[in-house]
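Take the sequence shown: its position 152, counting from 1, is numbered 151 in numbering that gives the first Met the number 0, and each next residue is one higher.
Ideal Cβ placement from N, Cα and C applies to all residues, glycine included.
The structure displayed is predicted, hence computed values, not measured ones.
For reference, the structure is listed below as structure tokens.
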Amino acid sequence: MGRPADSNGTNDETLTVRDNRTGKTYTIPIKDNAVSATAFKAISAPLRPGERAENETPKGLRVSDRGFLNTAVIQSEITYIDGEAGVLRYRGYPIEQLALRSTHLETAYLLIYGTLPAERQLRRFESEVIIFFRSFRYDAHPMAILTSAFSYLGSYYGEANPSLQGQKLFTQGDRTSLANMDRQIFRIIGKATSLAAMAYRVRQGREVCHPAGGALVYRTPTTCFASRFLYQMDHLGQENYKPSPVLEKALDILFLLHADHELNASCTTVLQTGSSLVDPYSAVAAGCASLYASYDPCLLTGQPGGANEAVIRMLITIGSPENVPAFLEAVKRRERVLSGFGHRVYKTSDPRSFIIRKTADDVFKETGKDELLETAMALHDAAIKDEYFVQRRLAPNVDFCGLIYRAMGFPLDFFPVLFAVPRVVGWLAHWRQACESMWPHGHSPTYNCARFTLGQGRRDYVPVGERLVVEGLKAEPLPVAHSGMSKRTVLAEFTGKSKL
């Protein structure tokens, strides 16, 4: 904690801060190249004449970090990213080695439990993972279905709900607590493909249930995570149906690459939700809702699920390679948005982009080249040579994997689902780690973000007849354009109709 400095003592692992408002000096410990934000609460001063009471100056100094650009909210051993050097490691293993030699399920085990599994452990994990919803509209967005389905799934497992079983359900650290936690992890990872496949089949207007009744999704003859997913989506009763091994391998690699990426918006949402000790199904549903977005608004790292979709729509808008120069000039004038380049973390090329390029080549040999590929490559080649983009360090990122998804025949609105299915693994790894951090006391460090109030101070209520009219673009509701029944009702006459 921050404390007045000892003028006689020296400590290299400290930060000395002088508060010029009071003349006091404070020493703040440095641990693992980090200082505790709460240590600054000891640095307080009296309110100055005329200063706003809402600043709460006597209560200690606050730390402002809009967008969490330099704030570490947890200590994690899961994923390491060096954006300056273009490095991504899962539990210490370079992503390039895992993509070449591992599988998605094996990497899932690594992320959640900290080590690569022995053969016996891997077989058991695969077995556990292996071991409803007709009411959605046919035109519902698949990501909306997946989000709802995870939340809906939680209602079936009261054993996983701390609200029903006690708030220390997952935070005791004993064998029973661990076993219950792992059971939910197996279920969520295993059902992620089933729910996503059902969302796809609803989206395609296909039967969700087996024609003979019974199981909602056909039994699959393989333990490969990606192969099972393809089988569940596409098998319509054909005998001895086997997905393409090339597409199976490509999808498994993409799942592995997207399994985790530190505390991006969706992962932070899961941890924020989970810190209130809600059941993991609700926390995962919250992560899906965050991933559903087309932009990562303010948090730490990574790209949201809708970004892949945005790249394809951009390429469709460009149309052909000869239109690329004009498009890039429009980007420079800020008339258009360049998707698929740049990253909040990586200041050089995203290390996953090289793996995706090789994977794309393998897929295109099987499916034929996507008609947008030439446009994408022309855009890539022009952007990396243009000084405007080079100076801004806008290198290609992983969002061009949308070209692979498109070549594999997935509709655009299914791209976020293809992002969410593997990212469930990372969410659960961080959720499990957060639960472990509460052992052995079972206390929940519920995320409560500090704030500082700007603008109006205290104001007294004024009766409606005495208030001044405040007008302006942000100061009052804008007119709503009515159509259909609401428009006809506005134009109709009836008793009690407002005259405003």
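Taking a contact to require three or more Cβ pairs closer than 8 Å, the segment 268-288 and the segment 372-381 do not qualify as touching.
The C-beta separation of Leu-250 from Ile-311 comes to about 17 Å, leaving the pair out of contact by the 8 Å criterion. For the 8 Å CB-CB criterion, Asp-278 and Gly-153 form a contact. DSSP lists Ala-33 as the beta-bridge partner residues of Lys-30.
Counting C-beta pairs closer than 8 Å gives three or more between the segment 69-89 and the segment 428-435, which meets the contact rule. Ile-80 sits in a strand when the DSSP states are folded into three classes. In the three-state reduction of the DSSP assignment, Asn-160 falls in the coil class, being assigned neither a helical nor a strand state. Distance check between Tyr-156 and each of Arg-351, Arg-202, Gln-183 places Gln-183 closest, using alpha-carbon atoms only.
When Cβ pairs closer than 8 Å are counted between the two stretches, the segment 247-262 is seen not to touch the segment 140-150, the count staying below three. Straight through space, the alpha carbons of Pro-45 and Phe-185 are spaced by roughly 54 Å.
Each residue's CA atom was taken as its position, placing Leu-235 and Ala-329 some 46 Å apart. Distance from Arg-422 to Ser-265 at the Cβ level is roughly 6 Å; contact confirmed, criterion being Cβ atoms closer than 8 Å. Residue pairing by DSSP places Lys-23 opposite Asp-18 in a beta bridge.
The beta carbon of Glu-158 sits closer than 7 Å to those of Gln-164, Asn-179, all from its chain and outside the five residues before and after it, given in chain order. The alpha-carbon separation between Phe-228 and Val-245 amounts to approximately 14 Å. A direct Cα-to-Cα measurement between Ile-27 and Asp-11 gives close to 11 Å. For Val-62, the CB contacts under 7 Å within the same chain, skipping 5 residues up- and downstream, are Ala-36, Phe-39 in chain order. Ranked by Cα distance from Arg-20, the options Thr-488, Ile-317, Thr-56 are led by Thr-56.
Counted as a single uninterrupted DSSP element, the beta strand (DSSP E) harbouring Tyr-89 occupies residues 86-89. Taking C-beta separations shorter than 8 Å and ignoring five residues to either side along the sequence, the partners of Leu-115 in its chain run Tyr-92, Ser-101, Glu-105, Tyr-108, Leu-109, following chain order. Per the C-alpha coordinates, the member of Glu-127, Leu-14, Phe-254, Gly-273 positioned closest to Met-437 is Gly-273. By alpha-carbon distance to Gln-271, the top candidate from Ser-352, Phe-409, Ala-433, Ile-129 is Ala-433. The segment 82-90 and the segment 65-72 do not touch, with fewer than three beta-carbon pairs separated by less than 8 Å.
Beta-bridge analysis with DSSP links Thr-13 to Pro-28. Unbroken alpha helix (DSSP H) stretches of 4 residues or longer found wholly inside the segment 227-300: 244-256, 264-273, 279-290, given in chain order. Less than 8 Å separates the beta-carbon of Gln-231 from that of Thr-192. Looking at the DSSP output, Tyr-92 shares a beta bridge with Tyr-89. Asp-459 counts as exposed, since fewer than 16 other C-beta atoms from the protein chains shown sit within 10 angstroms of its C-beta. The three-state reading of DSSP puts Asn-69 in coil, since its state is none of H, G, I, E or B. Here Asp-64 is exposed. Its C-beta has fewer than 16 other C-beta atoms within 10 Å. For Leu-427, the uninterrupted alpha helix (DSSP H) segment begins and ends at 414-436. Burial of Leu-194 is indicated by the presence of at least 16 other C-beta atoms within 10 angstroms of its C-beta. Counting only the Cα atoms, Arg-351 lies some 7 Å from Leu-256. Going by DSSP, Met-407 is part of no alpha helix (DSSP H) at all; its letter is neither H nor E. Relative to the Cα of Asp-361, the nearest Cα in the group Ser-243, Leu-168, Ala-419 belongs to Ser-243.
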